[in-house]
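For the sequence shown, counting from 1, position 76 maps to 160 in this note's numbering; every step adds exactly one.
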Amino acid sequence: MNMATSPLPTAAAAMPAEWRDFLALTKPRVMTLVVFTGLCGMLAAPAPIHPVIGFTAILCIALGAGASGALNQWYEADLDALMKRTAGRPLPAGRMERSSALHFGVGLAVFSVLLMGLAVNLLAAAILTASILFYVLVYTVWLKRRTPQNIVIGGAAGAFPPLIGWAAATGTVDPLPALLFALIFFWTPPHFWALSLFIRTDYAAAGVPMLPVVAGTRTTRNQVFLYSLPMAGVAVAPWPLGLAGYVYGVVATGLTGFFLLLAGQVALSRETDQAKMRPERRLFAFSILYLFALFGALVVDRLLGL
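Structural data, given as structure tokens:
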């Protein structure tokens with residue numbers, strides 16, 4: 085469905101937006117994980133960073149993530165109106181004009197990049213720019229409505245924060261942050277496909293070609309497990325490669341083993357009732373905890389120097 089035929093409220097009917105609506109545009113829950121992985125990338129870097137510069141870098145990462153979320157909601161307002169999970173967002177609910185979301189998103193994006201370049205360094209600003217453009221143009225505009233591989237390729241958008249945090253501290257990109265990028269890249273499909281399995285009717289109603297909608301639950305469950313395998317290898321790799329110590333290695337091995345167990349349960353499931361898809365819900369919930377715990381363990385490992 086294109087926006088010309090969307091059932092969204094007209095601009096004249098939109099109610100005045102409140103600060104809560106602008107905050108909702110930034111997708112705060114997603115931003116929390118983005119900021120955390122960016123902060124961990126910075127703290128794991130071998131070079132110390134001045135607290136003020138470090139705070140500025142994290143602020144810019146948060147603003148860039150918020151800009152991406154706002155522009156995503158601006159472009160996908162018609163899809164959001166068709167899905168129960170997103171119908172209450174500011175634009176489909178008629179609490180904000182679309183032009184306000186566009187201006188807010190563009191303003192945040194420009195400000196975050198300029199501030200990063202002026203206050204931190206140009207490399208961090210360049211990677212931040214790439215992350216915003218990738219999420220908005222590659223994932224949201226190009227891939228989301230066209231291919232069931234949208235979340236595979238688009239997963240790179242959420243993998244940039246550790247690179248940005250590391251670059252903010254060191255001015256370089258090294259093997260460890262590259263592995264962290266790859267970790268989030270391979271983690272994204274199992275994470276989102278687990279979610280899409282038990283809300284696939286939402287995606288179907290909106291015409292979004294998520295994998296369960298176009299390929300079925302059996303293929304999606306198999307892909308969840310298959311993508312978990314390279315994710316597991318990348319997650320553990322920093323330990324044998326000498327880029328992290330045994331604290332990280334033990335935590336990564338244990339958590340990743342449990343992740344694979346849950347992914348295996350998803351692959352073996354034959355449940356078709358979305359309300360009863362417990363393995364999928366368990367994997368989705370654990371996958372969020374998994375990434376927080378893994379990145380936290382890396383920071384503890386680096387700070388302890390073990």
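Ideal Cβ positions, reconstructed from N, Cα and C, are used throughout, including at glycine.
Assign residue i to buried or exposed, taking buried as 16 or more other Cβ atoms, counted over all protein chains shown, within 10 Å of its Cβ.
{"i": "G338", "result": "exposed"}
{"i": "E160", "result": "buried"}
{"i": "V204", "result": "buried"}
{"i": "V136", "result": "exposed"}
{"i": "Q233", "result": "exposed"}
{"i": "H275", "result": "buried"}
{"i": "R173", "result": "buried"}
{"i": "T356", "result": "exposed"}
{"i": "T330", "result": "Here the sequence assigns Tyr to residue 330, which means Thr is not the residue at that position. Classification for Y330: exposed."}
{"i": "R104", "result": "exposed"}
{"i": "V119", "result": "buried"}
{"i": "R386", "result": "buried"}
{"i": "R182", "result": "buried"}
{"i": "K168", "result": "exposed"}
{"i": "K228", "result": "buried"}
{"i": "R113", "result": "exposed"}
Assuming residue i is part of the alpha helix (DSSP H), what are its boundary residues?
{"i": "H134", "result": "First-last for H134: undefined, no H or E at that position."}
{"i": "Q349", "result": "330-352"}
{"i": "L221", "result": "Looking at the DSSP string, L221 is not in any alpha helix (DSSP H), and its letter there is neither H nor E."}
{"i": "T256", "result": "From DSSP, T256 is part of no alpha helix (DSSP H); its letter is neither H nor E."}
{"i": "A243", "result": "It is not in any alpha helix (DSSP H) - A243 carries neither H nor E in the DSSP assignment."}
{"i": "L295", "result": "295-299"}
Helix or strand or just coil, what does DSSP make of residue i?
{"i": "L186", "result": "helix"}
{"i": "W323", "result": "coil"}
{"i": "S215", "result": "helix"}
{"i": "I283", "result": "coil"}
{"i": "T94", "result": "Note that T94 scores 42 on pLDDT, short of 50, meaning its location in the model is unreliable; the coordinates nonetheless yield the value given after this. In the structure shown, T94 sits in coil (DSSP, three-state: anything other than H, G, I, E or B)."}
{"i": "N234", "result": "helix"}
{"i": "R179", "result": "coil"}
{"i": "N205", "result": "coil"}
{"i": "D357", "result": "coil"}
{"i": "P274", "result": "helix"}
{"i": "P363", "result": "helix"}
{"i": "R305", "result": "helix"}
{"i": "R173", "result": "coil"}
{"i": "M167", "result": "coil"}
{"i": "V292", "result": "coil"}
{"i": "G317", "result": "helix"}
{"i": "S193", "result": "One detail in the question is off: residue 193 reads as Ala in this sequence, not Ser. Of the three classes helix, strand and coil, the one that applies to A193 here is helix, per DSSP."}
{"i": "G249", "result": "helix"}
{"i": "F210", "result": "Checking the sequence, you will find Ala at residue 210 rather than Phe. Helix at A210."}
{"i": "R229", "result": "coil"}
{"i": "A266", "result": "helix"}
{"i": "G380", "result": "helix"}
{"i": "A161", "result": "helix"}
{"i": "A369", "result": "helix"}
{"i": "T89", "result": "Model confidence at T89 stands at a pLDDT of 42, short of 50, so the residue's coordinates are unreliable; what they give is reported in the following sentence. In the structure shown, T89 sits in a helix (DSSP, three-state: H, G or I)."}
Assuming residue i and residue j form a contact by the criterion Cβ under 8 Å, report the distance between their Cβ atoms to the nearest whole angstrom.
{"i": "T285", "j": "L295", "result": "Between L295 and T285 the Cβ distance is about 14 Å, and since that is not below 8 Å, they are no contact."}
{"i": "G125", "j": "I216", "result": "Not confirmed; about 17 Å, so no contact."}
{"i": "S196", "j": "L175", "result": "Not confirmed; about 21 Å, so no contact."}
{"i": "G242", "j": "I268", "result": "6 Å"}
{"i": "A128", "j": "L382", "result": "5 Å"}
{"i": "G239", "j": "P273", "result": "6 Å"}
{"i": "V350", "j": "E364", "result": "6 Å"}
{"i": "F368", "j": "A290", "result": "Actually they do not touch by this definition, with Cβ atoms about 19 Å apart."}
{"i": "W250", "j": "P259", "result": "At roughly 11 Å, the Cβ-Cβ gap does not stay under 8 Å, so W250 and P259 are not in contact."}
{"i": "P143", "j": "V292", "result": "According to the sequence provided, residue 143 is Leu. The question's Pro does not apply to it. L143 to V292, Cβ: 32 Å. No contact."}
For residue i and chain B, any beta-carbon pair shorter than 9 Å?
{"i": "S371", "result": "Absent here is chain B; the protein component of the structure consists of one chain."}
task = Could you pull out every unbroken alpha helix (DSSP H) segment of at least 4 residues lying fully inside the stretch 104-155, listed in chain order?
result = 112-128
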